[in-house]
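Chemist:
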Amino acid sequence: MGLVQQELVIEAGQQGRQYWRDFWQFRELLYFLAWRDVKVRYKQTLIGIAWVMLKPLLTMLVLTVVFHRVAGLGQDSVVPYHILVFAGLLPWQFFAATFSDSANSVVGNSQMITKVYFPRMIVPVSSVLAGTMDFFVNLLLLIPLMLWFDFWPGWQVVFLPFFLGLGILIALGTGIGLSALNVRYRDIRFVIPFVVQIGLYISPVGFSASEVPDAWRWLYDLNPMVGIIEGCRWCLLGGDYPMPTFALINSLLIGSLTLFISIRYFRRSERTFADVI
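For the sequence shown, our numbering begins at -10 and goes up steadily by one.
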């Protein structure tokens, strides 16, 4: 059986028309880079992929002590507080990991970018794709927690893929733009861990958004992660948790606008990556 060969033509002045076609032709490279990121992340580690499970469990315990035992939040909740926190950690840790990895992805693959032609946007997109594996592994950990507390989701769980897609939208929008900025301004890599650390406390991970005073709720909902986190809780905690309609609309609008701006900026910047990087 003969191999099907694809011809790639690089024609001056036609980058805009050919870019997304080239992106599709290089889809196998996208899958390869995503799988490579998954393997490299846990290569030569002491406990390997078990760290994917230990990290959210340890974070859940810390947030339970800080927000529930010390601060006294969630005392009146009908949902077990451990499940409440873990359901919020699922989308947050997905975003935090993909946000950091995709923002540093272009600089981290500088040798490949300076030697081989391919649509550079494949690099940050592959980092986000690799992060979805951790999300599904962590989702499996929710099953023994629900068994322990005898608490199960309702029919709303069928909408969980939608909120995962919304999380991917936010991660792509921020990661693609920052990956291009990081090539030109290398101090971006110092800002990223700070943003992730602050974001954990200004997002409703260790508490419910209903704890925020009504006078400030509209401002709080402008954080695009509020709609995603509260939406995942609505899916996983059933009818005992309200649907975050306003926050969800904000997340969708902000995520779409951010992705549009990031793609335009990345496309204008990537032609100089090989010279600057």
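C-beta atoms are modelled at their ideal positions from N, C-alpha and C, and glycine is treated no differently. Small disclaimer: the values here were computed from a predicted structure and weren't measured.
If the criterion is Cβ atoms closer than 9 Å, does the pair Asp11 and Ser116 meet it?
Modeler: no
Chemist: In this structure, does DSSP put Val114 in helix, strand or coil?
Modeler: helix
Chemist: Let me check understanding here. Comparing Cα to Cα, which of Ile102, Ala236, Arg109, Ser99 lies closest to Ile165?
Modeler: Arg109
Chemist: Does DSSP put Ile266 in a helix, in a strand, or in coil?
Modeler: coil
Chemist: Alpha carbon to alpha carbon, how far is Ile218 from Asp90? Give it in angstroms, no decimals.
Modeler: C-alpha of Asp90 to C-alpha of Ile218: approximately 20 Å in a straight line.
Chemist: Taking a contact to mean a Cβ-Cβ separation below 9 Å, would you say Val185 touches Ala119 in this structure?
Modeler: No. Outside cutoff.
Chemist: To the nearest whole angstrom, what separates the beta carbons of Pro202 and Ile243, a pair I think is in contact under 8 Å?
Modeler: Actually they are not in contact, since the Cβ atoms of Pro202 and Ile243 sit about 22 Å apart, beyond 8 Å.
Chemist: Relative to the C-alpha of Val215, which candidate in Val126, Thr261, Ser192, Trp13 has its C-alpha closest?
Modeler: The shortest Cα separation from Val215 among Val126, Thr261, Ser192, Trp13 belongs to Ser192.
Chemist: Helix, strand or coil for Asn272 per DSSP?
Modeler: Residue 272 falls outside the range modelled here, since the chain spans only -10 to 266, and no answer is possible.
Chemist: May I ask you to verify whether the stretch 44 to 57 touches the stretch 171 to 183, counting CB pairs closer than 8 Å and requiring at least 3?
Modeler: no
Chemist: In whole angstroms, what is the alpha-carbon distance linking Leu50 and Arg30?
Modeler: 24 Å
Chemist: Would Gly77 and Val194 be called neighbours here (beta carbons separated by less than 9 Å)?
Modeler: yes
Chemist: Going by alpha carbons, who is nearest to Glu200 out of Cys221, Ile159, Tyr230?
Modeler: Tyr230
Chemist: By the 10 Å Cβ neighbour count, where 16 or more other Cβ atoms means buried, how is Gly156 classified, buried or exposed?
Modeler: Gly156 is buried by the Cβ-count criterion.
Chemist: Taking the alpha-carbon positions, what's the Trp144 to Leu52 distance?
Modeler: 28 Å
Chemist: Report the residue ranges of all alpha helix (DSSP H) runs contained in full by the stretch 130 to 190; include only those spanning at least 4 residues, in chain order.
Modeler: 149 to 173
Chemist: Taking all protein chains shown into account, decide if Gly154 is buried (16 or more other Cβ within 10 angstroms of its Cβ) or exposed.
Modeler: exposed
Chemist: Among residues of its own chain, excluding the 5 on either side of Val146, which ones have a beta-carbon nearer than 7 Å to its beta-carbon?
Modeler: Cys224, Leu225
Chemist: Report all residues from its chain with a CB closer than 6 Å to the CB of Leu22; omit the five preceding and five following residues, and keep chain order.
Modeler: Ser115
Chemist: Determine the DSSP secondary structure at Val29, reduced to helix, strand or coil.
Modeler: helix
Chemist: Return the CA-CA distance between Phe124 and Trp137, expressed in angstroms with no decimal places.
Modeler: Using only the alpha carbons, I get a separation of about 21 Å.
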